[in-house]
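Residue numbers (the numbering used here): 101 to 584.
Encoded as structure tokens, the structure appears first; notes follow it.
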RNA sequence: GGCCCCAUCGUCUAUCGGCUAGGACACGAGCUUUUCAUGCUUGGUAGAGGAGUUCGACUCUCCUUGGGGCUGCCA
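So this is what it looks like as structure tokens:
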């Protein structure tokens, strides 16, 4: 049996739809599983939309998801001459004919039509949908060359598949009707008909094809929102396929090993953003601690004093990291692990340990990478925003000022500035009645927010100086306003 | 309208004739807890309807209903 060759053949429009990229994922997995080739064909015949930028976006998305292709990229526009040659063959053999037609918008011209067989049944065994059959008489002749002389999808697609020696065509469900037509073209040309596998569509909550109106529909949007490519990949794969057991979070190796096109579902699958979010969290938890720490450090460094679009940092942190890991040149530059708020941490080891500790606290509660800058803001800068609601609820209450000043007093006496020691102080104050009344105001006072990592871990990280000054500052400015 | 395809919890799904129908997400409850999470325990919800084949059907067949796709000088 000859080598398996599949292709992903998108039209570059500047955005890559998730349904489309799922087809790419299935093709890629099929190729990798069978040891075949995964080819990329850019169907760039729409000259207006197929700009170099749009093609770059396509490559970028594929790279981001780890969809590497074999052999050179095949550009459809470069094969137009061949398409037309083949049409001439078809004309000569009587499989095609020219006719004057009027198009929908009223233009009249001569187009070339493919002549469908008038009797018999066209059938094929679809790898995912099973046996498919359709009477030839139910399919009408169709155009393959426009009146302006340019080849139409049907002929271009088939000729390219022949030229690229594609053995299996794995594409969206919306192409099934085309497949009956295409099979006839392959036969008319005396070419071997490839195997087909039609993938169901991804639908929205209403069961309609998933579009931009239903939320993020393009790969780029998930990237910007801080999704890990692994999570998107895994989620999309599970939408219509499973390994046959209860495993859901799979490594790329497992996917390649277990993937079988025969087991792909026929039914349309509804896209569930909640489950994707969950899966993203799972993948974030799986990031090695040192990698997550570096990612965090980068987002902190990049943020600096400005408050530009935070999401971008995390994203770029992630992709930087990859190339950085590759050339091995990054990490150990000590300077970049400096902790700006803790001048008392002098040694590189102490600073590194500080970041490690912060990372360990932040990682488990991170759902999206873009949330990282926000989560660590108060640890890397004094310039952090106060959440008005939290301030209102926790600080602007009678007695809070006194409470905070009292804590400043007590914390000052703590010799061993660690989470357990600080917790002991508050515990003593609360006398077993719950630490809430102390904990909440302190959290808002030092971080500006009502949630975040564990409070005492937070204080330990901030250090004595910062903790005390922030508590004092909050007591004087924020907490006092309400008291009169 | 015509043609093609599909049908298990709200969602993604397991089940290749034996099912007290399993898992995950989401949701509810509880434990842990200083918040938010994590973690652990736990609860509820499903085989569209009707015939048939069979000792036995979610699994096979047919019909009905419902849903989707296609029906271009788009891809």
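From the three backbone atoms N, C-alpha and C, an ideal C-beta is built for every residue, glycine too.
Check: What are the residues that DSSP puts in a beta bridge with residue 297?; Outcome: 270
Check: Taking only runs that begin and end inside the segment 181 to 241, name each unbroken beta strand (DSSP E) of 3 or more residues, in chain order.; Outcome: 196 to 202, 208 to 214, 221 to 226 and 230 to 235
Check: Apart from the five residues on each side of it in sequence, which residues of its chain come closer than 6 Å, Cβ to Cβ, to residue 319?; Outcome: 116, 121 and 161
Check: Please state if the CB of residue 517 and the CB of residue 526 are separated by a distance shorter than 9 Å.; Outcome: no
Check: Is the beta carbon of residue 559 closer than 9 Å to that of residue 505?; Outcome: no
Check: Check whether the Cβ atoms of residue 450 and residue 371 sit closer than 9 Å, and answer yes or no.; Outcome: no
Check: Below 8 Å on the Cβ atoms is my guess for residue 487 versus residue 550; work out the distance and round it to an integer in Å.; Outcome: 6 Å
Check: Of all the options 328, 468, 360 and 181, which has the alpha carbon lying nearest to the alpha carbon of residue 340?; Outcome: 360
Check: By DSSP's criteria, residue 318 is part of a beta bridge. Which residues make up the other side?; Outcome: 117
Check: So, is residue 264 buried or exposed, given that buried needs 16 or more other C-beta atoms within 10 angstroms?; Outcome: buried
Check: In whole angstroms, what is the alpha-carbon distance linking residue 108 and residue 123?; Outcome: 7 Å
Check: Quick check: residue 389 and residue 467, are their CB atoms within less than 9 Å of each other?; Outcome: no
Check: By how many angstroms is the C-alpha of residue 236 removed from the C-alpha of residue 167?; Outcome: 38 Å
Check: Using a Cβ-Cβ cutoff of less than 7 Å, which residues in the same chain neighbour residue 355 once the five nearest sequence positions on both sides are dropped?; Outcome: 129 and 337
Check: With burial defined as no fewer than 16 other Cβ atoms inside 10 Å of the residue's Cβ, what is the status of residue 288: buried or exposed?; Outcome: buried
Check: Would you mind sorting residue 346 into buried or exposed? The rule is 16 or more other CB atoms within 10 Å of its CB.; Outcome: exposed
Check: Considering residue 546, what are the terminal residues of the alpha helix (DSSP H) in which it resides?; Outcome: 536 to 547
Check: So if DSSP puts residue 302 in a beta bridge, which residue, or which two residues, is it bridged to?; Outcome: 369
Check: Any chance you could list the alpha helix (DSSP H) runs of at least 4 consecutive residues sitting entirely within the segment 323 to 354, in chain order?; Outcome: 329 to 338
Check: How long is the line joining the alpha carbons of residue 309 and residue 118, rounded to whole angstroms?; Outcome: 11 Å
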